Amino acid sequence: MSKIVVAGSLNMDLRFAMKRMPLEGETVLADSLLYNPGGKGANQAAAAAKLGGSVAMLGCVGKDGFGDALAKSLEDCGCDVSRLARVDDPTGTAAIYVDERGRNSIVVVSGANGRCDTAYLKGCEDVLKACDILLLQLEIPYEAVWHLAKKAHALGKTVILNPAPAPEEGGIPKDVLACVDWITPNETELSRLSGLPCEDPEQIEEAASKLRALGAANVLVTVGSQGAFLCTPEMAELIPTEKVKAVDTTAAGDCFNGAFAVGLSEGMTPAEAVAFANRAASISVTRPGAQSSLPSRGEL
Ligand code: ATP
Ligand code: RIB
Numbered sequence: 252m253s254k255i256v257v258a259g260s261l262n263m264d265l266r267f268a269m270k271r272m273p274l275e276g277e278t279v280l281a282d283s284l285l286y287n288p289g290g291k292g293a294n295q296a297a298a299a300a301k302l303g304g305s306v307a308m309l310g311c312v313g314k315d316g317f318g319d320a321l322a323k324s325l326e327d328c329g330c331d332v333s334r335l336a337r338v339d340d341p342t343g344t345a346a347i348y349v350d351e352r353g354r355n356s357i358v359v360v361s362g363a364n365g366r367c368d369t370a371y372l373k374g375c376e377d378v379l380k381a382c383d384i385l386l387l388q389l390e391i392p393y394e395a396v397w398h399l400a401k402k403a404h405a406l407g408k409t410v411i412l413n414p415a416p417a418p419e420e421g422g423i424p425k426d427v428l429a430c431v432d433w434i435t436p437n438e439t440e441l442s443r444l445s446g447l448p449c450e451d452p453e454q455i456e457e458a459a460s461k462l463r464a465l466g467a468a469n470v471l472v473t474v475g476s477q478g479a480f481l482c483t484p485e486m487a488e489l490i491p492t493e494k495v496k497a498v499d500t501t502a503a504g505d506c507f508n509g510a511f512a513v514g515l516s517e518g519m520t521p522a523e524a525v526a527f528a529n530r531a532a533s534i535s536v537t538r539p540g541a542q543s544s545l546p547s548r549g550e551l
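In the numbering used here, the protein residues as written are 252 to 551.
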């Protein structure tokens, strides 16, 4: 099995469960508050490790209780956290509102994640050299992501970029896209990155083809309860997922990405790895929270 490195964010999630989202200027009473380890990077690392991947996490947390809890959560999942940095800024935090239909709204305070910069990552080049697959998201400084994608590509590693959250402006530089083996947006992110509408399968296929034309080797679009759309030089195909009762979709995309990386690391074909990732993510949406919702390999 090949090795996976995840470089990205770690957040403590404060999950407020409520019947419906507050309107602007309104106060609503929540039904519960759950403190749960999260952050897109950490969730993807935890998902991959719980599914049997050999995973190391690169990222920054504060010298505070949240930082301790986030490092321990990843360690308990089987992740190598020996190169996590403890910095002076407070650990990243997310406020997550979830309504009774399982839909969420998230606000992130980046804190220590802002210190996961090129200087820190340059100090971790030995970890990058030892891996086979690099998994990235966009919750750490863009320059750091661009640097790492280029470096990993030059070293011959497989680069997976989950472009979440999608940049408000500026997009992803073409020379970075050219270093990406797999870009894994959801429909909203794909629409923003391609500048095209993504409301039906034909539009998604067209937008995915545009990202390929811009340089990304393969595009994998997650489409929620429908599964994922795989767009490679050889195929453009929707790979459906199972019907489940979703209670909270937080980290579904993260679970999907971590699982997809594990599938590739085990030598599955891309279509097999997508089916594996769909299966893992469909379990995650049936449970509340981010890392608390991630399935183990045994459950799959
Ligand atoms: P989130 O931001 O909520 O973590 P996302 O928007 O990044 O998710 P989605 O496309 O919503 O990503 O979901 C990712 C994957 O999770 C899907 O491709 C699918 O495999 C699974 N999934 C999501 N929602 C459902 C659902 N309601 N039922 C079954 N599987 C789901
Ligand atoms: O993708 C879900 C994650 O987004 C949450 O865990 C939250 O921390 C935000 O980073």
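Cβ coordinates follow ideal geometry from the N, Cα and C atoms, glycine included. The structure displayed is predicted, hence computed values, not measured ones.
Where residue i falls: helix, strand or coil (DSSP)
i: ALA510; result: helix
i: ASP331; result: strand
i: VAL378; result: helix
i: VAL427; result: helix
i: ALA268; result: strand
i: ALA293; result: helix
i: LEU274; result: coil
i: GLU440; result: helix
i: ALA502; result: coil
i: LYS323; result: helix
i: GLY365; result: helix
i: ALA497; result: coil
i: ALA417; result: coil
Beta-ladder partner(s) of residue i, from DSSP
i: PRO288; result: MET263
i: LEU385; result: VAL256, VAL410
i: TRP433; result: ILE411, ASN469
i: VAL309; result: For the record, residue 309 in the displayed sequence is Leu; it is not Val. Answer by DSSP bridge pairing, in chain order: ALA258.
i: PHE317; result: Looking at the DSSP assignment, PHE317 forms no beta bridge with any residue, so it has no partner.
i: ARG337; result: VAL312
i: LEU481; result: LEU471, GLU488
CB-CB length for residue i against residue j, believed under 8 angstroms
i: ALA497; j: SER476; result: 7 angstroms
i: PRO273; j: LEU321; result: Contact doesn't hold; Cβ gap of about 27 angstroms is too wide.
i: VAL312; j: ALA363; result: 5 angstroms
i: ALA346; j: LEU265; result: 5 angstroms
i: LEU489; j: PRO452; result: 6 angstroms
i: ILE236; j: ALA512; result: Nothing can be reported for residue 236, as the shown portion of the chain is limited to 252 through 551.
i: CYS449; j: LEU441; result: 5 angstroms
i: ALA307; j: ARG334; result: 7 angstroms
i: ILE384; j: SER260; result: That belief does not hold up - the Cβ atoms of ILE384 and SER260 are roughly 18 angstroms apart, past 8 angstroms.
i: LEU428; j: LYS402; result: The Cβ separation is near 15 angstroms, so there is no contact.
i: GLU457; j: LEU447; result: 6 angstroms
i: LYS254; j: CYS430; result: Not really, about 19 angstroms apart at Cβ, beyond 8 angstroms.
Extent of the continuous beta strand (DSSP E) to which residue i belongs
i: GLU488; result: 487–490
i: VAL470; result: 469–473
i: VAL359; result: 355–360
i: LEU280; result: That residue, LEU280, is in no beta strand (DSSP E); it is neither H nor E in DSSP.
i: ALA370; result: Element bounds for ALA370: not the beta strand (DSSP E) but the alpha helix (DSSP H), 369–373.
i: LEU302; result: That residue, LEU302, is in no beta strand (DSSP E); it is neither H nor E in DSSP.
Span of the alpha helix (DSSP H) around residue i
i: ASN529; result: 521–535
i: THR344; result: Run containing THR344: none in the alpha helix (DSSP H); it sits in the beta strand (DSSP E), 343–349.
i: ARG538; result: Careful: ARG538 lies outside any alpha helix (DSSP H) and carries neither H nor E.
i: ALA405; result: 393–405
i: ARG463; result: 452–464
i: LEU545; result: First-last for LEU545: undefined, no H or E at that position.
i: LEU447; result: That residue, LEU447, is in no alpha helix (DSSP H); it is neither H nor E in DSSP.
Stretch-stretch touch, CB-based, cutoff 8 angstroms, three pairs: the segment 301–311 with the segment 267–282: Using a Cβ-Cβ distance cut-off of 8 angstroms, the segment 301–311 and the segment 267–282 are not in contact, since fewer than three pairs of beta carbons, one from each stretch, lie closer than that value.
Is it the case that the segment 289–298 contacts the segment 505–516, given that we only count it when at least three CB pairs across the two stretches are under 8 angstroms? By the criterion of at least three beta-carbon pairs nearer than 8 angstroms, the segment 505–516 is in contact with the segment 289–298.
Kindly confirm or deny that the segment 470–487 and the segment 432–441 touch, where touching means at least three C-beta pairs closer than 8 angstroms. By the Cβ rule, the segment 470–487 counts as touching the segment 432–441, because three or more pairs are nearer than 8 angstroms.
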